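One structure is given below, encoded as structure tokens.
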Amino acid sequence: MKTSVKNIIEPGTHFITGNEACALGAIVAGCRYFAFYPITPANEIAEHMSTLLPKVGGVYMQMEDEISSIASVIGSSWAGRKSMTATSGPGFSLMQENIGYAVMTETPCVIVDVQRSGPSTGTPPLPMQGDVYQARHGSHGEYEIVALAPSSARDMFLLTIEAFNLSEAYRIPAIVLSDALVGHMTESVEIPDPSTITIIERMKPKEPPEECRPFLSEDVAPMPVFGSGYRVHVTASTHDEKGFRNVENPIFVDNLVRKICMKIRKHRNEIVNVETKYLEDAEVALLAYGSVARSALHVVKWAREEGLKVGYVRLITLWPFPDEVIRDVARKVNKIMVLENNMGQIVNEVARVVGGEAEVKFLPPRILGTIHEPSYTMEKLKEVYK
Amino acid sequence: MSEAYQHPLMKYVRKGALRQPHCSGCGNGIIAQCMLRAIDELGSDMGKMAFVSGIGCSSWIPSPFFNVDMLHTTHGRPLAFATGVKLGNPELRVVVFTGDGDGAAIGGNHLIHASRRNIEILAVLVNNRIYGMTGGQVSPTTPHGMKTTTTPYGNLEHPFDLSKLVEAAGASYVARWTTFHVKQLVSSMKKGLLKEGFAFIEVVTPCPVQYGRYTGIKDPVESLLMLKKLSVPLSKAKSMSEAELEGRIVIGEFVDRDVVGLTKAYRQLLAEVGA
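From first to last, the protein sequence lines stand for chains C and D.
Using this note's numbering, the letters of the first sequence correspond one by one to residues 1 to 386.
Using this note's numbering, the letters of the second sequence correspond one by one to residues 1001 to 1275.
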């Protein structure tokens, strides 16, 4: 007998880690299959999922590697379950081929990457934001992706749900790009009554099997899951709207690549989410995302106390990049200072969309793998502010 | 042949998917027919089945040919995808088609772990002992000493005994046949479809185009008869020495045991925890 979510997740204030909040968000979103291969700093997500899932009739699977984890997640999604996996940099690299498979076959699923320092083995418990481009372009071929960046344990709860909603709505793999700091920190998380949270389910076909076109619509094709009588043919070879392979005529490549890209591009404004504060009179904006945004907001408030007109921009959606929102910010301010815990990744996107509208500066932390010390950011901000 | 005549197995074929990618003389057509015969003889509902395949010649046996829910996946990973399909919907009978490259090289680890987990999946591993689709490169089951496009001086490595590997890893059912042994193959496929555990059937098949160009046996019938000639029944093989068995194909049922499968065990766990 299944226990309802209500009985295992009490609404109210919980003092929990970001990784635990992620697991709770997944359960609330309706995740009923989770596959995993142990890796620091994502392990706590799996520990909580392995405890929670059987209580709601879900399946926890520890696979032999990250390749099979994401593969089984995609399989389970086609069997009709909302499915998720979690990992960190090295595992995220191993998953890339099958993330491309999920893009190509329009399979809803969620991948949580709790970023650690790299490249390669790196320093597992230290947070960095080195996987921003890997999330965007990690798999081969041309495609669009959705990646969300949580800044708090509460965000881990909310954005995991949001990632499920986007993955189901657009039939895409959605990535939660967290980091070791957000995943491992313990803080207050307000869990709302699950009945007040919007949960989106994939669209099922209404038409009979012979008329069903289960792939390649810019407005998202319906998904006939296995066992529902549609006898769907799912292939990652170039295919048409019915799922038939065609690797002889470039017209089919053109149609497929445009459709899977446009599915996201056309709905960019519905997908992107950016938080802004203190922008009305701002001369300089601090732009950050993930754990770094916490320190950035602290500095903005401090600067305001000192009379500096500084604004705050936090990217919640990293991909698709919120071009128009950032262009609007650039029209308001003179300078944008981008803070990242890497050697400069999202700053390139900012520079691309800003053009000549504002001057773009980049600031990594004084020591990579650590949070931006507010006094250090303040010192650099004052140099830029002049 | 009258116009009204239709092959009795046509009802299992996807509309518009008759065009075959296999070379003439390939054993894959025989294997496809054996699979459909097994389904037909059991009276299985294909609407309650899911087929999963990887990349390579073998993966084109069910895809897109069989009229069934079909997941044609990435190279080496069909068993991992199938694990999610089966656990996602345990009511589905899940069948995997893989090959010696797909299932024993790039996907070898998944084969070991699917066997160890004893998950209720039937895996048919089509062993043509070479990479056919990519042009005849050496594979993990290519005989020792054989020349291929990437072993121009002869293969230094020894071939995998995949049935032994899967048996040791914990599968519930293990059998090996060649495409000459169609009756036995259909019988094994029926057993595999009904098995409540991991069932593994290795089918050694001729590849007259790629394998044949190095052995010199390019004629389809001749290459099929060669498989028959090399085959040794398990009962006979037991009294043969290692030297006598060199280069031979031991055929038969290696394992047929009843051990609780993974999804059944998981259902029991759900009943205990969820109650």
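Ideal placement from N, C-alpha and C gives every residue a C-beta, glycine not left out.
Everything numeric in this text was worked out from a predicted model, so none of it was measured.
Item: Against chain D, with Cβ distances strictly below 9 angstroms, would residue 33 of chain C count as a contact?; Value: yes
Item: Could you check the C-alpha separation between residue 1184 of chain D and residue 1177 of chain D for me, to the nearest Å?; Value: 7 angstroms
Item: With a 10 Å radius around its C-beta and 16 neighbouring C-beta atoms as the bar for buried, classify residue 1275 of chain D as buried or exposed.; Value: Because the pLDDT of residue 1275 of chain D is 49, which lies under 50, any placement of that residue in the model is unreliable, and the number read from its coordinates should be weighed accordingly. By the 10 Å Cβ count, residue 1275 of chain D comes out exposed.
Item: Does any CB atom of chain D fall closer than 9 angstroms to the CB of residue 55 of chain C?; Value: yes
Item: Evaluate residue 38 of chain C with the Cβ neighbour count: other Cβ atoms within 10 Å of its Cβ, from every protein chain shown; 16 or more gives buried, anything less gives exposed.; Value: exposed
Item: Leaving out five residues on either side along the sequence, give the residues of the same chain with a beta carbon under 6 angstroms from the beta carbon of residue 268 of chain C.; Value: 320
Item: Check whether the stretch 304-322 of chain C touches the stretch 202-211 of chain C, taking contact to mean three or more Cβ pairs, one atom from each stretch, closer than 8 angstroms.; Value: no
Item: What are the residues in the stretch 37-66 of chain C lying within 8 angstroms of chain D by C-beta distance?; Value: 54, 55, 56, 57, 59, 61, 63, 64 and 65
Item: Are there 16 or more other CB atoms within 10 angstroms of the CB of residue 1198 of chain D, so buried, or fewer, so exposed?; Value: buried
Item: For residue 1091 of chain D, return the contacting residues in chain C, with the cut-off set at a CB-CB distance below 9 angstroms.; Value: 227
Item: What is the rounded straight-line gap between the Cα of residue 1060 of chain D and the Cα of residue 168 of chain C?; Value: 30 angstroms
Item: Can you tell me which of the three DSSP states residue 331 of chain C falls into?; Value: helix
Item: Look at the Cβ atom of residue 1051 of chain D, then the Cβ atom of residue 1123 of chain D, and state whether they are nearer than 9 angstroms.; Value: no
Item: Opposite residue 82 of chain C in the DSSP bridges: which residues?; Value: C:31
Item: Does the contact criterion of 3 or more C-beta pairs under 8 angstroms hold for the stretch 67-76 of chain C versus the stretch 1079-1088 of chain D?; Value: yes
Item: With 9 angstroms as the threshold, decide whether the Cβ of residue 243 of chain C is near any Cβ in chain D.; Value: yes
Item: Determine the closest residue to residue 1149 of chain D out of D:1239, D:1215 and D:1158, with distance taken between C-alpha atoms.; Value: D:1215
Item: Between which two residues does the alpha helix (DSSP H) holding residue 1245 of chain D run?; Value: 1242-1245
Item: If the cut is a Cβ gap below 7 angstroms, which residues of chain D does residue 389 of chain C touch?; Value: The requested residue 389 of chain C is not part of the displayed model; chain C covers only 1 to 386.
Item: Determine, using beta carbons only, whether residue 1 of chain C comes closer than 9 angstroms to chain D.; Value: For residue 1 of chain C, the predicted model reports a pLDDT of 38, less than 50, meaning its position is unreliable; a value from the coordinates is still stated below. Output row for residue 1 of chain C: interface = yes.
Item: Can you find a C-beta in chain C that's less than 9 angstroms from the C-beta of residue 1087 of chain D?; Value: yes
Item: What do you get for residue 245 of chain C, buried or exposed, if any count of 16 or more other CB atoms within 10 angstroms of its CB means buried?; Value: buried
Item: By how many angstroms is the C-alpha of residue 1069 of chain D removed from the C-alpha of residue 200 of chain C?; Value: 24 angstroms
Item: Restricting to Cα atoms, I'd like to know which of C:373, C:288 and C:225 is closest to residue 276 of chain C.; Value: C:288
Item: Quickly, what does DSSP pair residue 62 of chain C with across the bridge? List them, please.; Value: C:36
Item: With a threshold of 16 other CB atoms inside 10 Å of the CB of residue 15 of chain C, please say whether the residue is buried or exposed.; Value: exposed
Item: Within the 9 angstroms Cβ cut-off, does residue 232 of chain C reach chain D?; Value: yes
Item: Can you list the residues of chain D that residue 74 of chain C reaches, using a CB-CB cut of under 7 angstroms?; Value: 1081 and 1084
Item: Which parts of the stretch 178-231 of chain C are runs of the beta strand (DSSP E), unbroken and 3 residues or longer, counting only runs that do not cross its ends?; Value: 186-191
Item: May I ask you to report which of helix, strand or coil DSSP gives residue 109 of chain C?; Value: strand
Item: Helix, strand or coil for residue 1261 of chain D? Go by DSSP, reduced to three states.; Value: coil
Item: Quick check: is any heavy atom of the ligand SAH less than 8 angstroms from the C-beta of residue 376 of chain C?; Value: Ligands are entirely absent from the displayed structure, and the ligand SAH is therefore not among its contents.
Item: Report the residues of the stretch 1042-1075 of chain D with a CB closer than 8 angstroms to any CB of chain C, ordered along the chain.; Value: 1046, 1047, 1048, 1050, 1052, 1063, 1064, 1067, 1068, 1069, 1070, 1071, 1072, 1073 and 1074
Item: Alpha carbon to alpha carbon, how far is residue 58 of chain C from residue 1049 of chain D? Give it in angstroms, no decimals.; Value: 21 angstroms
Item: In whole angstroms, what is the alpha-carbon distance linking residue 1192 of chain D and residue 51 of chain C?; Value: 33 angstroms
Item: Does the beta-carbon of residue 249 of chain C have 16 or more other beta-carbons within 10 angstroms, so that it is buried, or is it exposed?; Value: exposed
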